[in-house]
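Residue numbers (our numbering), protein chains in the order written: chain A, 6 to 239; chain B, 6 to 239.
Note that CB positions come from ideal geometry on N, CA and C, so glycine has one too.
For clarity, every value in this text was computed on a predicted model and none was experimentally measured.
Here is the structure we will look at, set down as structure tokens.
2 protein chains.
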Amino acid sequence: MPPQTTRLRRDARENRERVLLEAAAVFAEHGLTATLADVAKAAGVGVGTLYRRFPDKDELILAVYQARMDAAVTLAERSSGAADPGTAFREFIEHGAHDFATDRGFRELVLGGLTDALGWSRSGAATSLSAAIDRMNTAVSGHLAVLLERAKAAGALREDVAPTDVQLINAAVQSVAGVAGLARPGIHHRLIIMIVDGLRPRDDSSPMPVAPLTEEELSRAVRNSARDRDMPPH
Amino acid sequence: MPPQTTRLRRDARENRERVLLEAAAVFAEHGLTATLADVAKAAGVGVGTLYRRFPDKDELILAVYQARMDAAVTLAERSSGAADPGTAFREFIEHGAHDFATDRGFRELVLGGLTDALGWSRSGAATSLSAAIDRMNTAVSGHLAVLLERAKAAGALREDVAPTDVQLINAAVQSVAGVAGLARPGIHHRLIIMIVDGLRPRDDSSPMPVAPLTEEELSRAVRNSARDRDMPPH
DNA sequence: GGGTATGCGGAACAGTTATTCCACTTCTGC
DNA sequence: GCAGAAGTGGAATAACTGTTCCGCATACCC
């Protein structure tokens with residue numbers, strides 16, 4: 006049963022499409038802090054129309070980016086099964102960096118937990134938006150673990166790299182890719198080369214001083230990083 | 006001639022000290038978006054008192070972090086003249102990561118341009134705050150260039166690494182160090198090892214696909230990344 | 001065509017935060 | 001001690017943004 010989108014009046018359906026399209030453009034350029042008034046104006050509708058279609062801003066954001074999050078999972082899955090895991094690994098990171106470099110909103114969405122440029126986080130409760138992000142991260146992480154093992158077996162990756170390390174590296178590269186890309190599109194390829202070269206095995210690799218984060222530790226940290234609203238009484 | 010701090014009434018001077026101390030604590034824990042009301046409450050004064058001492062929030066932030074910015078420059082300078090440039094380079098990055106991992110406000114301040122988690126940026130005009138950050142970045146960058154050359158000469162660093170590359174790497178590491186540190190303090194040492202290992206020379210280094218950013222490009226991008234307030238009419 | 005459910009725009013509301021203002025205190029020099 | 005300059009607290013203000021509401025318009029079905 007398709008959602009009741011079918012039941013929408015024609016003009017309403019057209020407006021909905023336009024809103025999603027323009028919202029994507031506005032978020033991509035100005036980030037998720039763009040106001041709903043701006044989105045509405047870009048789409049040529051009133052704010053009321055936004056609220057008729059989407060319960061709140063979070064749901065609009067989710068609607069705009071759901072497909073892209075699914076695509077990220079698909080990419081990870083495909084990479085994990087690629088013929089040459091070493092190359093697939095590098096391409097995986099490059100692809101992610103590209104997405105982030107070209108869409109400020111997507112960057113804020115996925116890195117939001119790691120850099121909390123945002124205010125939403127409610128009372129720590131799981132909005133459907135944060136739930137979707139969690140789901141994406143979990144899925145990507147699973148495929149990534151497979152990819153890493155295969156890359157190590159192929160001798161393309163140092164043995165002491167954990168999936169959570171790659172997630173941190175990914176976040177780090179991506180958080181910079183966006184802004185650096187303003188100066189010169191594609192500049193993040195330098196970063197990636199330097200970092201990926203560092204992940205290849207070598208005889209004189211430095212020893213790792215601490216154990217990698219567990220998945221649990223990482224996801225808890227990402228969640229917690231957006232906790233606020235609590236001031237020591239004095 | 007010392008600033009008219011000397012002319013402050015005793016209670017006023019004490020309040021000022023307390024404000025700076027508590028503001029540092031509040032910013033470190035909650036970031037620069039902490040409200041002035043929160044800072045005032047923590048210091049046990051009214052908001053009016055904050056405004057009597059500091060023209061606006063930016064100036065308070067500057068007062069809180071000026072010393073630390075100076076320290077960063079000093080560190081870069083000392084590193085650039087260190088006996089072992091390879092080790093000094095790694096320690097330079099580790100020291101920066103430590104600072105960022107332990108002070109959310111400082112992280113937002115310095116990376117603000119690169120991740121713009123903030124609203125200030127005014128009309129692109131140079132506030133004294135952003136001017137101070139620019140000055141710090143320029144100074145650090147100068148020392149960094151010397152350090153890199155020495156490290157390359159010592160065979161500790163691949164030849165194709167530019168100072169701007171290191172600034173990007175630094176920003177990338179630091180943007181993650183803070184949040185990842187919530188999960189496990191010091192976890193950023195893994196990131197640093199992986200990355201620094203990647204910067205060492207090796208026979209089969211991957212070729213760099215694009216030229217490094219110039220200083221000019223980088224600083225312009227950092228400045229521009231916070232430009233907003235402009236919506237395509239339709 | 002006409003009646004009605006559906007959809008629309010945007011003014012009004014609520015909550016948040018930087019900043020201002022001023023009646024009231026507190027220190028300081030004598 | 002005391003006059004008055006210097007300092008203080010916190011209510012009021014202004015600006016911004018997510019969300020609600022409702023009188024009016026539009027598309028759909030007959």
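* Asked: At a Cβ cut of 7 angstroms, what residues of the region 182-197 of chain B count as close to chain A, listed as they run along the chain?
  -> Val184, Ala185, Leu187, Ala188, Arg189, Gly191, Ile192, His194, Arg195, Leu196
* Asked: Can you give, in chain order, each stretch of the alpha helix (DSSP H) that sits fully within the region 13-40 of chain B and has at least 4 residues?
  -> 15-35
* To do: Starting from glycine 203 of chain B, find everything on chain A with Cβ-Cβ shorter than 9 angstroms and list it in chain order.
  => Counting from one through the second sequence, the residue named residue 203 of chain B turns up at place 198. Per Cβ cutoff of 9 angstroms: Ile198, Met199, Ile200, Val201, Asp202, Gly203, Leu204, Arg205.
* Do we get a CB-CB distance below 7 angstroms when we pair serine 210 of chain A with the residues of chain B? -> Residue numbering aside, residue 210 of chain A sits at position 205 when the first sequence is read from its first letter. By this cut-off, serine 210 of chain A is an interface position.
* So isoleucine 197 of chain A and alanine 102 of chain A are in contact, right, with Cβ under 8 angstroms, and what is the actual spacing, rounded? -> Taking the first residue of the first sequence as position 1, residue 197 of chain A is located at position 192. Taking the first residue of the first sequence as position 1, residue 102 of chain A is located at position 97. Confirmed, about 6 angstroms.
* To do: Quick one: give me the first and last residue of the alpha helix (DSSP H) that aspartate 139 of chain B is part of.
  => On the second sequence, residue 139 of chain B is found 134 positions in, with the first residue counted as 1. Where aspartate 139 of chain B is concerned, the enclosing alpha helix (DSSP H) stretches over 133-158.
* To do: Return the first residue and the last residue of the alpha helix (DSSP H) that methionine 74 of chain B is part of.
  => On the second sequence, residue 74 of chain B is found 69 positions in, with the first residue counted as 1. That run of the alpha helix (DSSP H) goes 62-85.
* Look at the alpha carbon of glutamine 172 of chain A and the alpha carbon of isoleucine 138 of chain B, and state the distance between them as a whole number of angstroms. => Mapped onto the first sequence, residue 172 of chain A falls at position 167. Mapped onto the second sequence, residue 138 of chain B falls at position 133. Roughly 29 angstroms between the two C-alpha positions.
* Asked: Straight-line CA distance for valine 24 of chain A to isoleucine 66 of chain B?
  -> If you number the first sequence from 1, residue 24 of chain A lands on position 19. If you number the second sequence from 1, residue 66 of chain B lands on position 61. Their backbone Cα atoms lie some 39 angstroms apart in a straight line.
* **Chain-order list of residues whose beta-carbon lies under 8 angstroms from that of glutamine 71 of chain A (same chain, five-residue window excluded)** => Indexing the first sequence from 1 puts residue 71 of chain A at position 66. So the list reads Ala137, once near-sequence residues are dropped.
* Asked: Where does the unbroken alpha helix (DSSP H) through alanine 177 of chain B begin, and where does it stop?
  -> Within the second sequence, the letter at position 172 stands for residue 177 of chain B. Residues 168-188.
* Asked: Is aspartate 202 of chain A helix, strand or coil by DSSP?
  -> On the first sequence, position 197 is the one that residue 202 of chain A refers to. Note: aspartate 202 of chain A maps to helix in three-state DSSP.
* Have a look at A:Val52, A:Ser224, A:Ala42 and flag the residue whose alpha-carbon is nearest the alpha-carbon of alanine 144 of chain A. => As a working note, residue 144 of chain A is residue 139 in the first sequence. Closest option to alanine 144 of chain A, Cα to Cα, is A:Ser224.
* Roughly how many angstroms lie between the CA atoms of proline 237 of chain B and glutamate 27 of chain A, to the nearest whole one? -> Indexing the second sequence from 1 puts residue 237 of chain B at position 232. Indexing the first sequence from 1 puts residue 27 of chain A at position 22. Residue placement at proline 237 of chain B is flagged as unreliable, the pLDDT there being 36, under the threshold of 50; a coordinate-derived value is accordingly withheld.
* Which stretch, first to last residue, makes up the alpha helix (DSSP H) that contains arginine 58 of chain B? -> The residue given as residue 58 of chain B occupies position 53 in the second sequence. From DSSP, the alpha helix (DSSP H) with arginine 58 of chain B extends over 52-58.
* Under 9 angstroms by beta carbon: chain A residues contacting arginine 225 of chain B -> Locating residue 225 of chain B in the second sequence gives position 220, where the first residue counts as 1. Residues of chain A passing the Cβ test: Leu187, Ala188.
* Kindly say whether proline 214 of chain A, judged by its beta-carbon, lies nearer than 7 angstroms to any beta-carbon of chain B. => Reading the first sequence from its first residue, position 209 is the one you call residue 214 of chain A. Yes, proline 214 of chain A counts as interfacial toward chain B.
* **Where isoleucine 174 of chain A meets chain B, residues with beta-carbon distance less than 9 angstroms** => By one-based count along the first sequence, residue 174 of chain A stands at place 169. Those are Ala177, Val181, Leu196, Met199, Ile200, listed as they occur along chain B.
* Could you check how far apart the C-beta atoms of glutamate 64 of chain B and serine 133 of chain B are, in whole angstroms? I think they sit under 8 angstroms. => Mapped onto the second sequence, residue 64 of chain B falls at position 59. Mapped onto the second sequence, residue 133 of chain B falls at position 128. 7 angstroms between Cβ atoms; contact.
* Asked: Just the Cα atoms here: how many angstroms apart are leucine 37 of chain A and alanine 30 of chain A?
  -> Indexing the first sequence from 1 puts residue 37 of chain A at position 32. Indexing the first sequence from 1 puts residue 30 of chain A at position 25. So the alpha carbons of these two residues sit roughly 11 angstroms apart.
* To do: Name the residue from B:Thr92, B:Ala68, B:Arg73, B:Gly110 whose alpha carbon lies nearest to the alpha carbon of glutamate 22 of chain B.
  => As a first step, residue 22 of chain B is located in the second sequence; it is residue number 17 there, counting from the start. Per the Cα distances, B:Ala68.
* With distances taken Cα to Cα, identify the nearest neighbour of glycine 186 of chain B among A:Arg95, A:Gln179, A:Pro217, A:Gly191. => Position 181 of the second sequence, counted from the start, is the residue given in the question as residue 186 of chain B. Comparing Cα positions, the closest option is A:Pro217.
* For proline 217 of chain A, return the contacting residues in chain B, with the cut-off set at a CB-CB distance below 7 angstroms. => Along the first sequence, read from residue 1 onward, the residue named residue 217 of chain A stands at position 212. Within chain B, the residues near proline 217 of chain A are Arg195.
* Asked: Going along chain A, which residues have a C-beta under 7 angstroms from glutamate 222 of chain B?
  -> As a working note, residue 222 of chain B is residue 217 in the second sequence. Under the 7 angstroms cutoff, chain A gives Ala188, Arg189.
* How long is the line joining the alpha carbons of histidine 54 of chain A and glutamate 96 of chain A, rounded to whole angstroms? -> Sequence index remark: in the first sequence, residue 54 of chain A carries index 49 (1-based). Sequence index remark: in the first sequence, residue 96 of chain A carries index 91 (1-based). According to the sequence displayed, residue 54 of chain A carries threonine and not histidine. Threonine 54 of chain A and glutamate 96 of chain A: Cα-Cα distance of roughly 41 angstroms.
* Have a look at B:His148, B:Pro168, B:Val215 and flag the residue whose alpha-carbon is nearest the alpha-carbon of alanine 77 of chain B. => One-based indexing of the second sequence puts residue 77 of chain B at position 72. Among B:His148, B:Pro168, B:Val215, the Cα nearest to that of alanine 77 of chain B belongs to B:His148.
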